[in-house]
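Counting in the numbering used here, the sequence shown runs from 4 upward without gaps.
Glycine is no exception: its CB is placed at the ideal position from the N, C-alpha and C atoms.
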Amino acid sequence: MKSFAPQLSFIDSHNYADTTNCSSFTFSVKPDVCVYADPTSRGTDISTAEIIIEFKWGYCHDAFREVGDSIVSSTDNSMDTLGQITSYAAAQLGAQYRSHAFSVLIVRDRARIIRWDREGAIVTGAINYNTEPHLADFFHRY
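Here is the structure:
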C-alpha cells in the first residue's frame, strides 16, 4: 500500500478493540484495518483513525446491492454488516471533530467506498479492485 498511499499507515487492528474511546459501548469497536496519518499509530484508536476498512469473505455479507428499490441489502448477514460498519462510523464521528468520515467495505474482490456524515452515508457502486483503479486512486488522493 505504501506505493499507492505513502502518506498513510495501514494497521491490522482486527484483534484490538478501542477500549479508550469506546469503553462505554455495549459492543467492541475493532475494525479489521485502521488507516492513520501518523506512522507511529498502533492498534485501534478511533479518535485518530482516518479511514476504517472492514473485510467480509462472502458476498452474502455485502451490506449493499446494485439492483432493486433500495441500495441496502436486507438479508440477515448484510444487515449485521451494515450495523457493524454504521457503529464504527458513528464511533469515529463521535470521537473526532469532523464533518464526515470515510470507510471502505471490502467483500471478496469488490470494494465500496462510503462517505459518512451525521445525516447518513453515500456509497459507491461495487469496485472490482483487481481490474479497476478507483480504490487505489482513492487512497492515493486521500
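| Query | Result |
| --- | --- |
| Short Cβ contact (8 Å threshold) for Phe-67 with Ser-76 | yes |
| Touching by the beta-carbon criterion (3+ pairs, under 8 Å), the stretch 59 to 66 and the stretch 9 to 23 | no |
| CB-CB length for Gln-95 against Ala-52, believed under 8 Å | 6 Å |
| Whole-number beta carbon distance between Val-32 and Asp-21, since they are thought to touch under 8 Å | 5 Å |
| Best match in Ala-124, Gln-99, Val-126, Arg-113 for proximity to Pro-136 [C-alpha to C-alpha] | Arg-113 |
| Close beta carbons around Ala-104, own chain, < 7 Å, minus the five adjacent residues each side | Ala-92, Gln-95, Leu-96, Trp-119 |
| Given Asn-80 as reference, the closest of Arg-121, Val-110, Glu-69, Phe-7 once Cα atoms are compared | Val-110 |
| Thr-47 classed as buried or exposed, judged by whether at least 16 other C-beta atoms fall within 10 angstroms | buried |
| Euclidean distance between Cα positions of Ala-124 and Leu-85 | 11 Å |
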